[in-house]
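Participant:
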Amino acid sequence: MRSKQQIIPYLLLTPALVLLLVFNLLPTIATLVESTFVMSLRSGERVFAGFANFERIFKDPIFWKSLQVTVVFSLVVNPLQIALSLGLSILINQRLPGIGIFRSIYLLPVAVSLNVTAIVWRLLLDKNTGMVNGILYQLGIERQPFLHSTEQALWSIILIASWIGVPLWSLFILAGLQNIPPPVLEAAKIDGANAWQSFTKVTLPLLRRVLAFVLVADTVANFLLFAPIILTTQGGPQLSTNLILYETYRRGFLYGDLGASAAMLSVMLLIVFVIVGVELYVLRGSD
Amino acid sequence: MSAHVTSRTRRNRKPLRAYLLPALVYSLLIIGVLIVVIPLMWALAASFTPNHKVFEYAYPFSWRALLPVDFTLEAYDNLFARGFGRAVGNTFFLAFVTVFVGGSVNALAGFAFGRFEFRGKNALFMAIVMLTFLVPVDLTAIPRYILINNFGWINTWQGLLIPGLANSLVIFLFRQFFAEIPQELIDAARVDGASWLRVLVSIVLPISKPVLVAAGLLMFISQWNSYFWPLLVAPRQELRVVQVEISLAVGQYGTVWNELLAGSMIAAIVPILLVMPFQRYYVQAITGTGLE
Chain Y
1 MRSKQQIIPY
11 LLLTPALVLL
21 LVFNLLPTIA
31 TLVESTFVMS
41 LRSGERVFAG
51 FANFERIFKD
61 PIFWKSLQVT
71 VVFSLVVNPL
81 QIALSLGLSI
91 LINQRLPGIG
101 IFRSIYLLPV
111 AVSLNVTAIV
121 WRLLLDKNTG
131 MVNGILYQLG
141 IERQPFLHST
151 EQALWSIILI
161 ASWIGVPLWS
171 LFILAGLQNI
181 PPPVLEAAKI
191 DGANAWQSFT
201 KVTLPLLRRV
211 LAFVLVADTV
221 ANFLLFAPII
231 LTTQGGPQLS
241 TNLILYETYR
251 RGFLYGDLGA
261 SAAMLSVMLL
271 IVFVIVGVEL
281 YVLRGSD
Chain R
1 MSAHVTSRTR
11 RNRKPLRAYL
21 LPALVYSLLI
31 IGVLIVVIPL
41 MWALAASFTP
51 NHKVFEYAYP
61 FSWRALLPVD
71 FTLEAYDNLF
81 ARGFGRAVGN
91 TFFLAFVTVF
101 VGGSVNALAG
111 FAFGRFEFRG
121 KNALFMAIVM
131 LTFLVPVDLT
141 AIPRYILINN
151 FGWINTWQGL
161 LIPGLANSLV
171 IFLFRQFFAE
181 IPQELIDAAR
191 VDGASWLRVL
201 VSIVLPISKP
211 VLVAAGLLMF
221 ISQWNSYFWP
231 LLVAPRQELR
241 VVQVEISLAV
251 GQYGTVWNEL
261 LAGSMIAAIV
271 PILLVMPFQR
281 YYVQAITGTG
291 LE
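Going down the list, the sequences are from chains Y and R.
Our numbering numbers the first residue of the first sequence as 1 and each following residue consecutively.
Our numbering numbers the first residue of the second sequence as 1 and each following residue consecutively.
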């Protein structure tokens, strides 16, 4: 009986763990392995090449430009989304009549795919007939090129990503706000704290865990932004929106250079591991 | 609105500030709502508009842009005549199989992690579930593509479906829920000689509605909205899913805006209709792991 019981959990686990092992863990390792192979032009076979792919991408200005665009994008989009999400979560946490309706409406972008968002916003931001320019026209402001300009394209992508991102991350922060016991805030009030003081001294410290999680999850999600790029700018104009995951797709699938693509993905894996490692470090033992 | 506020202020002798704050909150919320709703309203209205009039009221902007004033079903008719129904059917099929097969696989694993003590439990959990949870699937798509190619699964249902069945986020959800079921409930059934399968089916499942709904929604919607993987692994037309079909339409018939928007609205309405009645479950499902 006892020995039979010992087998059961393993039986229950087998399907899920085998699938995860084969389709998730193995490809992770394979990314690292693949980055050390090149496709031989002569024989069409994969040949071990050591660090040649890495040397190649590290000498490649397009890779560096793509990394630079990704870093600039991340430095803007993540603080922006988190600040706005925090603001939104505080607003929808207010106990006011009709707040439930607002919460439902803000859930709409969360349910809609990034593709639909990108398609709709691409048309809204059209430089000739888009509605955003139509509204600017009514306000007496001249037409803007948005996705067609090297200065505005990345900002347009930030807008598209944030239309989903802000409502999504505000759900996490809202859940964090609702976990704060009301007596804690009442105690602060009794002690004479004004709204701002109780927010910075009580609420924010209690949100530390949630905010740290959102910061990391948001950073990783934006680091891997893909759909809005392929559906709007395809990296342009002049590579100004050529975010890194799109660059790996361009290399691997459009140009068939899987070695370079895998080398870039390995660099990205390393970056993601560092970000996640920092998360685990920050959140360690703070239960 | 403001007159209403001031008259009540006088009557109740409450400080004006007590009304200013809610007014400010509502104003900001309404600005946000406009940013959320106007794009969707325009897209919906435009999908019911003849193609040559799609941008008519958008530039210069008038309120007519947000309502289907020149109502027609032309875009939807043409879209389905072109075979969009097939993509909708494919996506529903994939989503349902993912929910039922993937859901069972993940629930069994969650049950094992949540209810059993066994050797290597933590090691397995950390090494496989945590690690795969932390590495985003899009990052490993290319080697997964090569693997699927080696299996001969490019342009097949298996290739679309099987890699997404096991989902570490869903295993987390189940584990968390099952771990909180009172031990007495399970012990009672075990004493009666019920097998673990019986316990799972007749004791655990009936009380697991919240986690089943949450996990089901999560799996259905992530399959419905998935794009990168189907784009890579199944470009063949008969296997196309909704998200791929609408994304290809961007380049393909670039000027048929109303059809593009009609496809997008169909892609959007399904998850919206699923999420709205089950908001609480869905929010718990997506925020659950972040707060653990």
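A virtual CB, placed ideally from N, CA and C, is assigned to each residue, including glycine.
The segment 199-217 of chain R: which residues have C-beta closer than 8 Å to a C-beta of chain Y, in chain order?
Facilitator: For the segment 199-217 of chain R, which is checked against every Cβ of chain Y, not one residue is closer than 8 Å.
Participant: Measure the alpha-carbon distance for Y/F304 versus R/L139 and round it to whole angstroms.
Facilitator: This structure cannot settle anything about residue 304 of chain Y, because the visible part of chain Y is limited to 1 through 287.
Participant: Can you list, in chain order, the residues of the segment 128-159 of chain Y whose Cβ is nearer than 8 Å to any Cβ on chain R?
Facilitator: N128, T129, G130, M131, N133, G134, I135, Y137 and Q138
Participant: Within 9 Å (strictly less), CB to CB, does R/V129 reach chain Y?
Facilitator: By one-based count along the second sequence, residue 129 of chain R stands at place 129. Closer than 9 Å to some Cβ of chain Y, the Cβ of R/V129 qualifies, so yes.
Participant: So the candidates are Y/D218, Y/L269, Y/A49 and Y/G252; which of them puts its Cα closest to the Cα of Y/L80?
Facilitator: Start at 1 with the first residue of the first sequence, and residue 80 of chain Y comes out as number 80. Out of Y/D218, Y/L269, Y/A49 and Y/G252, Y/D218 has the C-alpha closest to the C-alpha of Y/L80.
Participant: Check whether the Cβ atoms of Y/V110 and R/V275 lie closer than 9 Å to each other.
Facilitator: What you label residue 110 of chain Y is simply residue 110 of the first sequence in a count that begins at 1. What you label residue 275 of chain R is simply residue 275 of the second sequence in a count that begins at 1. Against a cut-off of 9 Å, the Cβ pair of R/V275 and Y/V110 comes out as a contact.
Participant: Identify, in the order they occur along the chain, each residue of the same chain with its Cβ nearer than 8 Å to the Cβ of Y/L269, setting aside the five sequence neighbours on each side.
Facilitator: Locating residue 269 of chain Y in the first sequence gives position 269, counting from the first residue. Here the set comprises T28, T31 and L32.
Participant: Please determine if the segment 68-86 of chain Y and the segment 272-283 of chain Y are in contact, where contact requires at least 3 C-beta pairs separated by less than 8 Å.
Facilitator: no
Participant: Where do the ends of the alpha helix (DSSP H) carrying R/F111 lie?
Facilitator: Along the second sequence, read from residue 1 onward, the residue named residue 111 of chain R stands at position 111. Counting along the chain, the unbroken alpha helix (DSSP H) around R/F111 starts and ends at G103 to R115.
Participant: Using C-beta distances below 6 Å, list every residue in its chain close to Y/T345, excluding the 5 sequence neighbours before and after it, in chain order.
Facilitator: Given that chain Y is displayed from residue 1 to residue 287, the structure contains no residue 345 of chain Y and the question cannot be resolved.
Participant: List the residues of chain R that Y/Q81 touches, going by C-beta distances under 8 Å, in chain order.
Facilitator: Stepping through the first sequence from its first residue, residue 81 of chain Y is reached at position 81. None at all; the shortest Cβ gap to chain R is about 14 Å.
Participant: In this structure, how does DSSP classify R/T6 when only helix, strand and coil are distinguished?
Facilitator: Against the second sequence, residue 6 of chain R aligns to sequence position 6. Note that R/T6 scores a pLDDT of 48, beneath 50, so its modelled location is shaky; the value from the coordinates is reported in the next line. Helix.
Participant: Quick one: residues in its chain with C-beta nearer than 6 Å to the C-beta of Y/G252, no 5 flanking neighbours on either side, listed in chain order?
Facilitator: The residue labelled residue 252 of chain Y in the question sits at position 252 within the first sequence. Closer than 6 Å at Cβ, skipping near neighbours: L258 and S261.
Participant: Which value, in whole angstroms, describes the spacing of the CA atoms of R/Q237 and R/R82?
Facilitator: For the purposes of this step, residue 237 of chain R is taken as the residue at position 237 of the second sequence. For the purposes of this step, residue 82 of chain R is taken as the residue at position 82 of the second sequence. One C-alpha to the other measures close to 12 Å.
Participant: If the cut is a Cβ gap below 7 Å, which residues of chain R does Y/A52 touch?
Facilitator: The residue labelled residue 52 of chain Y in the question sits at position 52 within the first sequence. Correct list: empty, because the minimum Cβ distance to chain R is about 18 Å.
Participant: Specify the secondary structure class of R/V37 as computed by DSSP and reduced to three states.
Facilitator: The residue given as residue 37 of chain R occupies position 37 in the second sequence. Three-state DSSP puts R/V37 in a helix.
Participant: Check the Cβ of R/D138 against every Cβ in chain Y and list those closer than 9 Å, keeping chain order.
Facilitator: Along the second sequence, read from residue 1 onward, the residue named residue 138 of chain R stands at position 138. Here the neighbours are L224, F226 and L245.
Participant: DSSP beta-bridge partners for Y/F48?
Facilitator: The residue you call residue 48 of chain Y lines up with position 48 of the first sequence. Its beta-bridge partners are Y/F37.
Participant: When you compare the CB positions of Y/L19 and R/I38, do they come within less than 9 Å of one another, or not?
Facilitator: Position 19 of the first sequence holds residue 19 of chain Y. Position 38 of the second sequence holds residue 38 of chain R. Going by C-beta atoms, Y/L19 is not nearer than 9 Å to R/I38.
Participant: Starting from R/P50, follow the alpha helix (DSSP H) in both directions and report where the run begins and ends.
Facilitator: For this step, residue 50 of chain R is matched to residue 50 along the second sequence. Looking at the DSSP string, R/P50 is not in any alpha helix (DSSP H), and its letter there is neither H nor E.
Participant: Mark R/R175 as exposed unless 16 or more other C-beta atoms lie within 10 angstroms of its C-beta, in which case mark it buried.
Facilitator: The residue given as residue 175 of chain R occupies position 175 in the second sequence. Counting Cβ neighbours within 10 Å, R/R175 comes out buried, since at least 16 surround it.
Participant: On the CB-based measure, 16 or more other CB atoms within 10 Å of its CB, does Y/E186 come out buried or exposed?
Facilitator: Taking the first sequence and counting its residues from 1, one reaches residue 186 of chain Y at position 186. Burial call: exposed.
Participant: Taking its Cβ as the centre, do 16 or more other Cβ atoms sit within 10 Å of Y/R2, making it buried, or is it exposed?
Facilitator: Along the first sequence, one-based indexing puts residue 2 of chain Y at 2. Residue placement at Y/R2 cannot be trusted, given a pLDDT of 45 that sits under 50; the coordinates are not used to answer.
Participant: Under the rule that 16 or more other beta-carbon atoms within 10 Å means buried, what is Y/E45, buried or exposed?
Facilitator: Here residue 45 of chain Y is taken as the residue at index 45 of the first sequence, counted from 1. The residue is exposed, with fewer than 16 neighbouring Cβ atoms inside 10 Å.
Participant: If you reduce the DSSP assignment to three classes, tell me which class R/W153 lands in.
Facilitator: In the second sequence, counting from the first residue as 1, residue 153 of chain R sits at position 153. Three-state result, R/W153: coil.
Participant: In chain R, which residues lie with their C-beta within 7 Å of the C-beta of Y/S261?
Facilitator: On the first sequence, position 261 is the one that residue 261 of chain Y refers to. Those within 7 Å of Y/S261 in chain R are I142.
Participant: Is R/W229 buried or exposed, if buried means 16 or more other CB atoms sit within 10 Å of its CB?
Facilitator: Within the second sequence, numbered from 1, the residue matching residue 229 of chain R stands at position 229. So R/W229 ends up on the buried side.
Participant: Taking DSSP as the reference, what is the three-state secondary structure of R/N225?
Facilitator: The residue you call residue 225 of chain R lines up with position 225 of the second sequence. Of the three classes helix, strand and coil, the one that applies to R/N225 here is coil, per DSSP.
Participant: Specify, as a first and last residue, the run of the alpha helix (DSSP H) that Y/S198 falls within.
Facilitator: Counting from 1 along the first sequence, the entry for residue 198 of chain Y is found at position 198. Here the alpha helix (DSSP H) through Y/S198 covers A195 to S198.
Participant: Which residues of the segment 104-122 of chain Y have a Cβ closer than 7 Å to any Cβ of chain R? Give them in chain order.
Facilitator: S104, I105, Y106, L107, L108, P109, A111, V112, S113, N115, V116, I119, V120 and W121
Participant: Helix, strand or coil: which one does DSSP assign to Y/Y137?
Facilitator: The sequence position of residue 137 of chain Y within the first sequence is 137, counting from 1. Note: Y/Y137 maps to helix in three-state DSSP.
Participant: Whose C-beta lies closer than 8 Å to the C-beta of R/M265 among residues of the same chain, with five residues either side of it excluded?
Facilitator: Locating residue 265 of chain R in the second sequence gives position 265, where the first residue counts as 1. Closer than 8 Å at Cβ, skipping near neighbours: A43, L44 and S47.
Participant: Alpha carbon to alpha carbon, how far is Y/I230 from Y/Y246?
Facilitator: Here residue 230 of chain Y refers to the residue found at position 230 when the first sequence is read from its first residue. Here residue 246 of chain Y refers to the residue found at position 246 when the first sequence is read from its first residue. So the alpha carbons of these two residues sit roughly 7 Å apart.
Participant: Under 8 Å by Cβ, that's how I've got R/L173 and R/A109 pegged, so tell me the actual separation to the nearest angstrom.
Facilitator: Here residue 173 of chain R is taken as the residue at index 173 of the second sequence, counted from 1. Here residue 109 of chain R is taken as the residue at index 109 of the second sequence, counted from 1. Between R/A109 and R/L173 the Cβ distance is about 11 Å, and since that is not below 8 Å, they are no contact.
Participant: Starting from R/L134 and walking both ways along the alpha helix (DSSP H), at which residues does that stretch end?
Facilitator: In the second sequence, counting from the first residue as 1, residue 134 of chain R sits at position 134. Start and end: L131 to L134.
Participant: Under 8 Å by Cβ, that's how I've got Y/G256 and R/F61 pegged, so tell me the actual separation to the nearest angstrom.
Facilitator: The sequence position of residue 256 of chain Y within the first sequence is 256, counting from 1. The sequence position of residue 61 of chain R within the second sequence is 61, counting from 1. Wrong, their Cβ atoms sit about 45 Å apart, outside the cutoff.
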